[in-house]
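Colleague:
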Amino acid sequence: MVLLILVCCVICVSADTSTLWGPLPDKVPDDQQQQQHLRQLQSVAAHFTSHTIESGGTTREFKVYIPSGMRQAATPPAGLVMFFHGYTSSVESTCGSGGPYFFNPVQNADDHNFIAVCPQGLGGSKSGWNCEGCCGAPAMSGVDDVRFVSEMMDNLRDVTLPGLGVSYPTKNVLAIGHSTGGLFAYRLGCELSGRIDGVAPVGAAWDYVFGYPNPMTWPARCAGKGVSVWNAMGTIDYFTTATTAKAKWRTYSENVLACSPESVQVTRPSSTVECTRYSSCAGIMRSQLCIYDGMGHVVTQMDSVHNVESTKSAWNFLTNSSSLLPALLPTPVPSSTTTPLPTLMPSTTRSATQFASSVSQVDAKGICFFLLGLAMLV
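Letter by letter, the sequence shown follows residues -15 to -1, 1 to 363 of mature numbering (1 follows the signal peptide of the UniProt record, and there is no 0).
#1: Measure the Cβ-Cβ separation of Val194 and Ser295 and say whether it is below 7 Å.
#2: Check Asn216 in the structure and name its three-state DSSP category.
#3: Count the CB pairs spanning the segment 102 to 117 and the segment 41 to 50 that are closer than 8 Å, and state whether there are at least three.
#4: For Asp96, count neighbouring C-beta atoms within 10 Å of its own C-beta (all shown protein chains included) and say buried if the count is 16 or more, exposed if not.
#5: Let's see if you can read the secondary structure: which residues bound the alpha helix (DSSP H) around Leu173?
#6: When the Cα atoms are used, what is the spatial distance from Thr73 to Glu239?
#7: Kindly give me the distance between the Cβ atoms of Ala205 and Leu242, rounded to whole angstroms, as I take these residues to be in contact under 8 Å.
#8: Just to check my reading of the structure: Ser65 and Pro154 have Cβ atoms closer than 8 Å, yes? What is that Cβ distance to the nearest angstrom?
#9: Could you tell me the alpha carbon to alpha carbon distance between residue 378 and Phe87, rounded to whole angstroms?
#10: Once the 5 residues before and after Gly219 are set aside, which same chain residues still bring their CB inside 6 Å of it?
#11: Ordered along the chain, which non-local residues of its own chain (more than five positions away) have a Cβ less than 7 Å from that of Tyr223?
#12: Check the DSSP bridge columns for Tyr153 and list the partner residues they point to.
#13: For Val293 versus Val258, is the C-beta spacing smaller than 7 Å?
#14: Given this structure, state the Cα-to-Cα distance separating Glu39 from Ser256, to the nearest angstrom.
#15: Residue 373 to Ser265, Cα distance in whole Å?
#16: Give the straight-line distance between the Cα atoms of Leu146 and Ala94, rounded to the nearest whole angstrom.
#17: Measuring alpha carbon to alpha carbon, tell me which residue in Ser178, Trp191, Phe69 is nearest Asn89.
#18: Under 8 Å: do the segment 118 to 129 and the segment 173 to 184 share three or more Cβ pairs, one atom per stretch?
#19: Are the Cβ atoms of Ala160 and Met67 separated by less than 7 Å?
#20: Is the beta carbon of Ser152 closer than 7 Å to that of residue 365?
#21: So, with DSSP's three-state summary, where would you put Arg142?
#22: Measuring alpha carbon to alpha carbon, tell me which residue in Val131, Arg235, Ser35 is nearest Ser178.
#23: Please list, in chain order, all residues of the same chain as Asn140 whose beta carbon is under 6 Å from its beta carbon, the five residues on each side excluded.
#24: Beta-carbon separation of Arg45 and Phe133 under 7 Å?
#25: Which whole runs of the beta strand (DSSP E) in the segment 66 to 124 are 3 residues long or more, in chain order?
#26: Using DSSP with H/G/I as helix, E/B as strand and the rest coil, what is Tyr197?
#27: Any idea what DSSP makes of Ser321, helix, strand or coil?
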């Protein structure tokens, strides 16, 4: 037992994300990582415009991409898709070029005529989104990320999009995210259900905090407030098993969306992908879970290996764009009003960099000391 406590102490002193969870998938040498990161930065800079707002006393950043055809033809957007990166990730990895967590937003926005928005989470190397129980600086510090997204949507509608010469869409406003970003998309679908029409979590499950010991309170408030979902999970995802993901998805579908358990249908869009969906849910709600055989905690393999690309599949399902799907009633128009949310951050304005430096490694060390306390009780 003394030896166990000493081991825990050593881990806590040096704790960081790699110590706790091991290396991220698709690990590449540092020089290749730097080159890849540079390409991602160049890609975002070439296609997206950068914007900031003040939210909760902190300067928040987001990127916007408008398809050139939308402006040239003066056609209204078919929708708006927000892409949320995962824990320790960034806008560049989600919306830049290549990498394991790339959602290919520019190509999909061009193909489907939607506006792509890529927000940046707080926390620097520990960046993420406040899902309460998990993960990173925002959750540990109580950042009001739901408020930020709501205020960002206000800014897009009233300032940014009119300034770029396009209007805010009246339907098909979606939130897509990977890992913690996917769990946060679930939270947005609950707490901003009057403004978001559908969510697409990838590598994340409803009401599951990736093994962290801290609780979440918001899922209990979601009954009757959820939105349509397209969920995706790999069978070798090291954070969440496919079995857990399916059980959690069924709970969300039946308890939040009031889907009928007898209406489950299974299809195979490819030999390595199995999709299960409910054909009967409350109102116009829709729900589907796709399991990717042999896929880990990544995004790009969904297209390159399995030929069932995440953003395209989520868009087609949630907006009923595919001719293979049954017709549904039109998507309701989101409310243009925003309910004020309580401020959990200090009133003094801070930059994202200042915020990151104030909370570095707090989450990793917190978990280690939790384990240390547990060891002392054994």
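Just so you know, even glycine gets a beta-carbon here, dropped at the ideal spot from N, CA and C. This structure is a prediction, so every number in the text was calculated from the model and none was measured.
Modeller: Here's the rundown:
#1: Along the sequence shown, read from residue 1 onward, the residue named residue 194 stands at position 209. Along the sequence shown, read from residue 1 onward, the residue named residue 295 stands at position 310. It is not a contact, given that the beta carbons lie outside the stated cut-off.
#2: Numbered from its first residue, the sequence shown carries residue 216 at position 231. Three-state result, Asn216: strand.
#3: yes
#4: Start at 1 with the first residue of the sequence shown, and residue 96 comes out as number 111. Answer is exposed; the Cβ neighbour count stays below 16.
#5: Sequence index remark: in the sequence shown, residue 173 carries index 188 (1-based). First-last of the alpha helix (DSSP H) with Leu173: 165 to 176.
#6: In the sequence shown, the residue the question calls residue 73 occupies position 88. In the sequence shown, the residue the question calls residue 239 occupies position 254. So the two alpha carbons sit approximately 32 Å from each other.
#7: Within the sequence shown, residue 205 is the residue found at index 220, counting from 1. Within the sequence shown, residue 242 is the residue found at index 257, counting from 1. Contact flag wrong, Cβ pair sits at about 16 Å.
#8: In the sequence shown, counting from the first residue as 1, residue 65 sits at position 80. In the sequence shown, counting from the first residue as 1, residue 154 sits at position 169. The sequence as given places Leu at residue 65; Ser does not occur at that position. About 5 Å separates the two Cβ atoms, so the contact holds.
#9: Residue coverage of the chain in this structure runs from -15 to 363, which leaves residue 378 outside it and unanswerable.
#10: Residue numbering aside, residue 219 sits at position 234 when the sequence shown is read from its first letter. If we look at Gly219 and ignore the five residues flanking it on each side, its Cβ neighbours are Tyr277, Met280, Gly281.
#11: Your numbering for residue 223 matches position 238 in the sequence shown. Cβ neighbours of Tyr223 beyond the five flanking positions: Gly281, His282.
#12: Against the sequence shown, residue 153 aligns to sequence position 168. None; Tyr153 has no bridge partner.
#13: Position 308 of the sequence shown holds residue 293. Position 273 of the sequence shown holds residue 258. Yes.
#14: Indexing the sequence shown from 1 puts residue 39 at position 54. Indexing the sequence shown from 1 puts residue 256 at position 271. Taking the straight line joining both Cα atoms gives about 47 Å.
#15: What is shown of the chain runs -15 to 363, which leaves residue 373 out entirely.
#16: Here residue 146 refers to the residue found at position 161 of the sequence shown. Here residue 94 refers to the residue found at position 109 of the sequence shown. So the two alpha carbons sit approximately 15 Å from each other.
#17: Along the sequence shown, read from residue 1 onward, the residue named residue 89 stands at position 104. The shortest Cα separation from Asn89 among Ser178, Trp191, Phe69 belongs to Phe69.
#18: no
#19: Looking up residue 160 in the sequence shown gives position 175. Looking up residue 67 in the sequence shown gives position 82. Yes, these two residues count as a Cβ contact at 7 Å.
#20: A query on residue 365 cannot be resolved here, the shown segment of the chain reaching from -15 to 363 and no further.
#21: The residue labelled residue 142 in the question sits at position 157 within the sequence shown. Helix at Arg142.
#22: Within the sequence shown, numbered from 1, the residue matching residue 178 stands at position 193. Residue Val131 is the option with its Cα nearest to Ser178.
#23: Working through the sequence shown from its first residue, we reach residue 140 at position 155. Here the set comprises Ile38.
#24: Within the sequence shown, numbered from 1, the residue matching residue 45 stands at position 60. Within the sequence shown, numbered from 1, the residue matching residue 133 stands at position 148. Yes. Within cutoff.
#25: 99 to 104
#26: By 1-based counting over the sequence shown, the position of residue 197 is 212. If DSSP states are grouped into helix, strand and coil, Tyr197 belongs with coil.
#27: For the purposes of this step, residue 321 is taken as residue 336 along the sequence shown, with counting starting at 1. Residue placement at Ser321 is poorly supported in this model, since its pLDDT is 35, which falls under 50; the coordinates still yield a value, given next. Ser321 falls in the coil class under three-state DSSP.
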